[in-house]
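Take a look at the structure below.
Numbering (the UniProt record's numbering), first residue to last: 1 to 508.
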C-alpha cells in the first residue's frame with residue numbers, strides 16, 4: 001500500500017461517500033469487512049465531531065483555532081507528529097503561521113526556522129523536531145508542494161519510510177489556491193487508510209475558511225474597539241464643547257449685565273452724586289451763617305441726611321461696579337486678591353492663613369473683607385506703612401482677623417478716636433473706625449487696636465465660631481456705613497466720587 005496524498009483534483013462524490021462509510025458491498029457474507037467498516041464509521045463520526053468542535057472556535061482567536069485543528073487531526077490518527085503550516089504570504093492576518101504537535105499532543109516550541117536549516121527546539125528539554133518534520137515545514141512555508149522534493153534526501157536526513165502508509169499530508173485550500181498543509185506521521189501500530197485521508201481532507205477544506213473568518217472576527221473586534229474609543233473621545237469632546245458653549249453664553253450674558261451696571265454707575269456718579277454733594281455743601285454754608293440754634297439743628301439734620309444719601313449712592317456705585325466679583329470666593333481667596341490687586345504699589349501686603357478654613361456666611365465674609373480693606377487703607381494712607389501683614393486664623397471656637405503694619409500710627413490715639421466715634425461722631429471724621437467695630441459686633445465679635453510687633457498698629461477682629469447666617473441686607477444698605485474716605489484700592493466704595501463734606505472719616 002502506498003502513501004496517501006490528497007491531490008487538488010476533484011474526486012467522485014460517490015467515491016468520497018464510499019471512503020467515508022467504508023461500505024462497498026452489501027453482502028452479509030463479508031463479515032470481517034463489515035466489522036472493519038463499522039469501526040471506520042465510528043472513527044469517522046468521532047472525527048467529524050472533533051472537527052465540528054474545532055472549527056467553531058473562531059471567536060477565540062486564530063491561535064486557539066489552529067491548535068484545535070491540529071489536535072483534531074492528531075487525535076483521529078493517533079499521530080506521533082502533526083504539522084500545520086501556512087505558506088509565506090498566504091492569509092497574512094492569520095497567526096500563528098505554523099504549529100507542531102509531538103507525542104501526547106505536546107506542542108513543540110521552536111525558534112523561527114531558517115529557510116535552509118533544520119532548526120532546533122527553542123526550549124531546553126523540549127523534543128527536537130525530526131529532520132523529516134522540519135523538511136516538510138520548510139517546504140510548506142516556501143509553498144513547495146512537490147512530494148518528490150519532500151521525500152528526497154541523503155543519509156540520515158532522508159525520510160526513513162518515503163512510501164510508508166504511516167505518513168499523510170493534505171493541502172489547505174482557499175478559493176482554489178493552496179495556502180498551507182496539514183501533515184501527520186503515525187506510529188507503526190496505526191496505518192493510514194483512505195477513510196483517514198477523506199477525514200483530513202474535510203478538516204483541511206474547512207480550516208482555511210475558519211482561519212479567514214477568525215482573522216476577520218479579530219479584525220472586526222479591533223475595529224470595533226477603535227470605533228468605541230473614537231466614539232468615547234467624540235462624546236467627551238462634544239461634552240467639553242457644550243460646556244464651553246454654555247460658559248461662553250454665561251460670559252456674554254454677564255458682559256451685557258456688567259456693561260449695563262457700569263453705565264448706571266457712571267450716571268449715578270456723574271449726576272445724582274454730584275447734586276447730593278452740592279446740596280450738602282450748600283447746607284453747610286448756610287448753617288455757618290445762621291445764629292439761630294433751632295435752625296442750625298435742622299440744617300445739621302439736613303446735612304446728615306445728605307451725607308447719608310451720598311454714602312448710599314457711593315455704596316450703590318460700588319455694588320454696581322463690583323457686583324458678583326467676590327460672590328463665589330472664600331474669605332482667604334478674597335484677602336489674597338485684596339493684597340495683590342487693590343493695594344498701592346508702595347505697600348507690600350502679606351496674607352497668612354492659619355488653621356483649617358471653615359465655611360462662613362457670605363455676609364460675614366463680606367464684613368470681614370471690608371474690615372481688612374479699611375485697615376489696609378488706613379495703613380497705606382494715614383500711617384504711611386510700607387509693610388502690612390494680614391493674618392486670618394481659624395481656631396477651634398473663634399475666628400481672628402488681624403492687620404498689622406510698620407507705619408507711624410499711635411494705638412492709644414486710635415483707641416481714643418474709636419471711643420469718640422462710639423459716643424457720637426458729630427462731624428463723621430472717625431466713621432471708618434466705628435464701622436469696623438460695628439461689623440465686628442454684628443457677628444458677636446470685638447475690635448481691638450494694639451501696638452504691632454513691626455512698630456505700627458495691629459487691628460484685630462475676633463468673632464466666635466460658628467457664625468450664624470443672618471438676613472443679608474441689600475448692597476446699598478449694607479455698604480451705607482462704609483467709611484466715606486475709603487477708596488477702591490482698599491476694597492471699599494470706589495473713590496471716583498471725589499471728595500465730599502465728610503471725606504476725612506477714614507483716619508486712624
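Backbone N, C-alpha and C define an ideal beta-carbon position, used for all residues, glycine too.
DSSP three-state call for residue i: helix, strand or coil?
i: residue 377; result: helix
i: residue 369; result: helix
i: residue 46; result: helix
i: residue 129; result: coil
i: residue 451; result: strand
i: residue 327; result: Any answer about residue 327 is weak, because its pLDDT of 49 lies below 50 and its placement is not dependable; what the coordinates show is given next. Residue 327 falls in the coil class under three-state DSSP.
i: residue 79; result: strand
i: residue 522; result: Here the chain has residues from 1 to 508 only, and residue 522 is not among them.
i: residue 425; result: Only weak support is given to the placement of residue 425: the predicted model assigns it a pLDDT of 48, under 50, and the question is left unresolved by the model.
i: residue 382; result: coil
i: residue 255; result: helix
i: residue 168; result: strand
i: residue 356; result: coil
i: residue 432; result: helix
i: residue 245; result: helix
i: residue 408; result: coil
i: residue 290; result: coil
i: residue 511; result: Nothing about residue 511 can be read from this structure; the chain reaches only from 1 to 508.
i: residue 187; result: coil
i: residue 280; result: helix
i: residue 361; result: coil
Can you find the residues in the same chain that come closer than 8 Å, C-beta to C-beta, to residue i, ignoring five residues on each side of it along the sequence?
i: residue 208; result: 91, 172, 173, 174, 179 and 180
i: residue 188; result: 166
Who does residue i pair with in a DSSP beta bridge?
i: residue 403; result: 390 and 459
i: residue 174; result: 177
i: residue 84; result: 99 and 182
i: residue 398; result: 464
i: residue 272; result: Looking at the DSSP assignment, residue 272 forms no beta bridge with any residue, so it has no partner.
i: residue 350; result: 389
i: residue 446; result: 462
i: residue 107; result: 101
Counting C-beta neighbours from all protein chains within 10 Å, is the total for residue i 16 or more, i.e. buried, or is it exposed?
i: residue 117; result: In this predicted model, residue 117 has a pLDDT of only 45, less than 50, meaning its place in the structure is not dependable enough to derive any value.
i: residue 257; result: exposed
i: residue 244; result: exposed
i: residue 278; result: exposed
i: residue 371; result: buried
i: residue 312; result: buried
i: residue 176; result: exposed
i: residue 200; result: buried
i: residue 223; result: exposed
i: residue 140; result: buried
i: residue 226; result: exposed
i: residue 78; result: exposed
i: residue 301; result: exposed
i: residue 432; result: buried
Taking only the alpha-carbon atoms, compute the straight-line gap between residue i and residue j and give it to the nearest angstrom.
i: residue 456; j: residue 440; result: 22 Å
i: residue 335; j: residue 291; result: 49 Å
i: residue 235; j: residue 219; result: 24 Å
i: residue 393; j: residue 358; result: 11 Å
i: residue 436; j: residue 377; result: 12 Å
i: residue 84; j: residue 238; result: 50 Å
i: residue 217; j: residue 93; result: 11 Å
i: residue 464; j: residue 449; result: 18 Å
i: residue 332; j: residue 411; result: 26 Å
i: residue 231; j: residue 89; result: 34 Å
i: residue 443; j: residue 374; result: 18 Å
i: residue 133; j: residue 51; result: 23 Å
i: residue 516; j: residue 363; result: An answer regarding residue 516 cannot be provided, because it is not within the stretch 1 to 508 covered by the chain.
i: residue 462; j: residue 348; result: 24 Å
i: residue 400; j: residue 293; result: 46 Å
i: residue 397; j: residue 467; result: 10 Å
i: residue 144; j: residue 45; result: 32 Å
i: residue 316; j: residue 282; result: 23 Å
i: residue 261; j: residue 248; result: 20 Å
i: residue 350; j: residue 337; result: 11 Å
In chain order, what residues of the same chain lie with their CB nearer than 6 Å to the CB of residue i, ignoring the 5 residues before and after it?
i: residue 391; result: 352 and 402
i: residue 379; result: 385, 388, 405 and 407
i: residue 193; result: none
i: residue 415; result: 449
i: residue 204; result: 170, 172 and 182
i: residue 409; result: 383, 456, 457 and 508
Report all residues from its chain with a CB closer than 7 Å to the CB of residue i; omit the five preceding and five following residues, and keep chain order.
i: residue 513; result: The chain is shown only over 1 to 508; residue 513 falls outside these bounds and no answer can be derived.
i: residue 286; result: 299
i: residue 276; result: 306, 309, 310 and 313
i: residue 264; result: 320
i: residue 272; result: 313
I want to check one thing, is the minimum distance from the CB of residue i to the heavy atoms of the ligand COA below 8 Å?
i: residue 224; result: Absent from the structure shown: the ligand COA. Ligands present: none.
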